[in-house]
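Residue numbers (the numbering used here): 32 to 1154.
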C-alpha cells in the first residue's frame, strides 16, 4: 500500500533490509530473514526481533524507498506484506514516474514532486474506498471545498469526481488534481511555490485521445480549438479517460442544439449526475446496444450467473442484465452465447432448491412451456423479488389492456383487414377503387404476390429447401422465437442465407419487433387512420421518393406496393415527428415490406430507426456521421497499410456513408444486399463495420494506387456491384444508386482506366468479415470488433461530429452577418464566441427559467420563419445586460444608469418583441458603436431616449420637479479667464444652424425619427454626462456638453414660443428633432473628437473574455443566494 512519505535517515541501519531492485531514485527492499532458507543467523536474529514486537509495531516485509542522489535522507513511500503488491507499486513508479524525473534540474524538486504524487495517490485510494461505503465521503467534501475555493465557480457547478494526476507544461509535469464537474474540467497545482489553474469547458472540447511518447506514458490529451492539454500518471487511466469522455459527451449533447440527440432523463438534470450515475449510465448504454433494446429501458439488476445451455449440455457462465421489460444474458466472451427473454413471454420466475451442483438456482418459465435454469446468482432472493414485482405489474397491465380491447371488439364485426375512407364527396368508380387501395392495410408480405425470383431453377429451389431444413434443425436444438439461444452457429446459418420463407419471421425475432406488435395491437391501424390525408413537409418528401424505392422490383411498379410504402412511411412520420421522414428510410421500408406484413414492416422500421440505428435519421444524420468518423479510425487501426498509402482516409469513410444509411441496399445487388440485412438484424451495426472494412481490404491494392476520390469511388462501386449470391451468380439489376454507380463504372472500365471486374460471393465476404485470425502489425481481422469497443468509439467521435456541426453553424452565422457590418472577420468570430459563451453560462448556472433557455428547448424546425442559424443562440435580457457591461465603449460612472441604458438597448434591439436578441441584432449594435460615423452613433443614443426604447414607466414627469438644469435661461459655465469675450451669441448661432440643416432634413425624411420632448432630452443629457466620466479630457467634455445643452435649450424655448419651424408643442413641453441635436453637437470639436475617436473592439472583446466567466459566476451566485 502507498504510505504518507516518512523520512528514513539510514537506508539500511543494522543491515536489516536487503535491496532487491534499485535505480537512481527508488529502492525496493525486503526484510532480512523473510523468504530466506531457515538456518541463517542474520535471518534468525531479525525474525526474533520482529516477533518480540507487539502487533502494532511489526514491520511489513517489503517496502519502497524514495532516494535523492547525493543525499543521506530517504523516504518510505510504500510497503506490503506480499511481494506481488509491492512489485505492482514498483512497476507503476517505473512506468509512470521514472522517466519524468529526469527533467528536474534540482534534485530536491524530485523529492517534492514524488512526495506530492504519492499523497495524491493515497487520497484517491481513500476516496475510492469511502465512495464504496457512502454516497458523499468526507474526502469528497474536502475536495469540493477546494474546488469551489480554487476556481470561484457557483455552487451549482456540481463536482462529479476528481483525480490525482500531472499536467504537462512543455517537458515539465505539474503534480496536482484534475476536478471533473458537469460543465468543466479544472486542474489545480501548487508545487514549489508555483500555482497553476486551468479551466476547460466541456463545450470547447473537440477531441479526446490517449497518447504515449517521450516522457509521457498513457496520458489523456484534451484538445480544444485553441490548444491541447495532456494529463498523465493517473492511478486508474482507463477509469479517468472513460469519465472524461462521458462528461464531455453528455455536456455537448445537452448544450448544443443537436435536434434529435436524446439524452437520458437523469442526465438532463445535471444536479443528479454523480460518478456512480455515470458508471450505471455507461453500463446501460452498453446493454441497450448489445441487445438492441428500446431506448426507454432502464437497467435494474446486474448479476453474474450461469445458464443451462441444452445445445452445449453444460452451464455457460456470463452476466444477467434485468431491465424494465427484459431478462438478458451474455456469456463472458461477448456474443459467444446470448439470450433475450421479454418479460411479456415469462409466465413465472421461481427459486429452486439449492444443491452443491446447482447453487442458488432460479427457474424462468415461459408461456411456450419452455423454461430456463440460472444458477450461481449471488443475490437470488432480491433479484427474484424485484423481477417478480415487475412481471406482476406487466401482467396486470396486459390483462387490463386486453379487457378494454375485447370490449371495443365486441361492438364491431371483425374484418380481415382495415379500410379507411376520408373523402365523402361523390366520386366515380375508379377514384373510389384507388382510394380504397391507398388506405387498405396489407395482411401479407409483398413478396408473396410479387416474387422476383420466379425464374428460379430447380437447383435454387433445392438450395432453399436445404436452408429451411437446417433452420428447422437449429430451432429444435436452440429454440425458436425471441428467446432462442444466439450463438456462432446462428451466424454461420445467417451467413449462408436465410430462406425467404423464414426471413420475415427471423427479422421480427432478432429485432424483437414481434414483442412490439403484440404489445401494441391495433396501434398501426390507428396511426394510419390519423396520418393519412394530412399534408406536411414529411408527406411531400415521402410522395417524391415513393417511386424511387427499388424501382426495378415488380412490387413497387404496382399501386399496391406504392400504397403500402406510403402508409408505412406516413404512419412513422406521424408517430415520430422528431424524425419525420429522412431519405433512405424509403429504401429500408420497401425491403421490409417485401418480406413481412405491413404492420410488421412498420414495427421493424421503428426498431431500426429508434433502437438499432439511433440518431441516424434526424435532420442532420448525426448518428451516421458519428459512425463514419468511427469507421475512419477503424481503417487507421485495422488497415494501417492502406491508411498510410491513402493521403486522406476521410475520403474513404465518406464514400461509405450510403453503406450505413441504407445497409448496403443502395450499392449491392438486391439479393446480396438482403443477405447483409440478415446479418444486420443479428449483429447490429457491427455487421456493417466489419463488412465495410472487408470491402476496403479486398480492394486495398487498387485504392492505394488511386489518384483522386472519384477513382476510389469507381473501384468500390465496381467491386460491390459484382458481389453475387448463390441465388443469383450474375447480379441482377440494382437499386437506383447502385445502378447509376454501376453504369459509371462500366463506362470507366471500357475506357481501360479501371481494373477488370472481379466477381465475389456475398457468403464469402460475410464469412471473411466475421473471421477472427491471429493479428499482426500489418494485418488485423475484424471479427473481434465488439459492441463495447464501438460504443466507446462512438462516445468520443460524437464529440468531434457535434463540434464540426458547431463550426459549420458558426461559419453560416458569420456569413449571414458579415455583409451588414464593418467589423473584421477575426473580431466578429471572437464576438460570436463571446455571444455563445454567454448563452452557455446561463445554461450552466442559470435558474432554468430564462427566456432564451426555454425558447431553445421548446423550438422545433418549422416553428418559425427564422432560419436555424438565426435561432441557434439568442440572449434574453439578463444575458444581454451582462455583455453590455463588458462591451459598451462608454461604461459611465453610475451602475444604475448603465443598467438603465442596457435595458433600453435590449428593448430597442428586440424588434419582434419576443424578449430575445439574435446574433445579427447584437452585431448590428456593436457595429454602430465601434465602426459607424458620428451621426449614426448619436442616432442610436437619441433612439435610446425616445419610445419604444424609453418605456412609459421611465418617461416620468416627476423628473422635472427638480431639473438638473434651467429651462428658462442659458446654462452658464465658468470659462477660463479671457475667454468671456469669445462666448458665442446663441441666438445668432441658432439662426445660422437652422439654415444649414436642409440636407440633414432630407435624410430624416428617409429614416424618420420621432421628436424628443423636454423630459426625454434631460435624460439624454444625463446619459452624455455619464459617458464622459473617467475620460482624460473629462473637464473639456463637460464644458462642451454644457454649451450644447444650453444651445438646445435655447432652441427648445424658441420653439415653445412659436419662433422655430423645427419644433412643435407636445402637452405643454417643447420638443427638438434629431437633426437639431446633431447640429448642436457638431459645434463642439471636443465632442466630435470624442465620438469619432476609434476604439479597439478586438481589445475590448479580449478583455471581456477574461472577465466574462468570473463576473457572471459572481452575479449568478448572488442571484441564487438565499435571502
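Where is the CB? At the ideal position from N, CA and C, for every residue including glycine.
Reduced DSSP category for residue i - H, G, I as helix; E, B as strand; rest coil
i, result
"residue 517", "strand"
"residue 92", "coil"
"residue 572", "helix"
"residue 904", "coil"
"residue 666", "helix"
"residue 511", "coil"
"residue 247", "strand"
"residue 979", "coil"
"residue 819", "helix"
"residue 774", "Summary for residue 774: the model assigns pLDDT 40, below 50, so the residue's position carries little reliability; its value from the coordinates is reported in the next sentence. Three-state DSSP puts residue 774 in a helix."
"residue 792", "strand"
"residue 997", "Summary for residue 997: the model assigns pLDDT 37, below 50, so the residue's position carries little reliability, and this model does not support an answer."
"residue 371", "strand"
"residue 959", "helix"
"residue 868", "helix"
"residue 265", "coil"
"residue 1137", "helix"
"residue 703", "helix"
Start and end residues, alpha helix (DSSP H) containing residue i
i, result
"residue 1046", "1045 to 1058"
"residue 204", "Unbroken run through residue 204 is the beta strand (DSSP E), 203 to 212; no alpha helix (DSSP H)."
"residue 603", "590 to 606"
"residue 587", "Careful: residue 587 lies outside any alpha helix (DSSP H) and carries neither H nor E."
"residue 268", "268 to 286"
"residue 318", "306 to 322"
"residue 849", "Taken as a continuous stretch (DSSP letters only), residue 849 belongs to no alpha helix (DSSP H), as it is neither H nor E."
"residue 538", "531 to 542"
"residue 674", "671 to 676"
Beta-carbon proximity of residue i to residue j, cut-off 8 Å
i, j, result
"residue 667", "residue 816", "no"
"residue 38", "residue 104", "yes"
"residue 723", "residue 662", "yes"
"residue 184", "residue 205", "no"
"residue 219", "residue 225", "no"
"residue 1103", "residue 1119", "no"
"residue 697", "residue 689", "yes"
"residue 213", "residue 287", "no"
"residue 481", "residue 586", "yes"
"residue 422", "residue 538", "no"
"residue 176", "residue 306", "no"
"residue 601", "residue 542", "no"
"residue 719", "residue 683", "no"
"residue 275", "residue 251", "yes"
"residue 198", "residue 260", "yes"
Residue interval of the beta strand (DSSP E) (run including residue i)
i, result
"residue 404", "402 to 406"
"residue 1122", "First-last for residue 1122: 1116 to 1123, but that is the alpha helix (DSSP H), not the beta strand (DSSP E)."
"residue 33", "33 to 39"
"residue 1103", "1100 to 1103"
"residue 199", "190 to 200"
"residue 215", "215 to 222"
"residue 339", "330 to 340"
Bridge partner(s) assigned by DSSP for residue i
i, result
"residue 57", "97"
"residue 260", "253"
"residue 394", "381 and 404"
"residue 1155", "This structure leaves residue 1155 out entirely; the chain is present only between 32 and 1154."
"residue 225", "222"
Nearest-angstrom Cβ-Cβ length linking residue i and residue j, presumed shorter than 8 Å
i, j, result
"residue 396", "residue 387", "With 8 Å as the limit, residue 396 and residue 387 do not qualify as a contact, their Cβ atoms being about 24 Å apart."
"residue 337", "residue 353", "With a Cβ gap of about 16 Å, residue 337 and residue 353 do not count as contacting."
"residue 335", "residue 390", "With a Cβ gap of about 12 Å, residue 335 and residue 390 do not count as contacting."
"residue 576", "residue 607", "Contact flag wrong, Cβ pair sits at about 17 Å."
"residue 1166", "residue 928", "Residue 1166 lies beyond the stretch modelled for the chain, which goes from 32 to 1154, so this question has no answer here."
heavy atom of the ligand COA below 7 Å from residue i C-beta
i, result
"residue 792", "Because no ligand of any kind appears in the structure shown, any question about the ligand COA cannot be addressed here."
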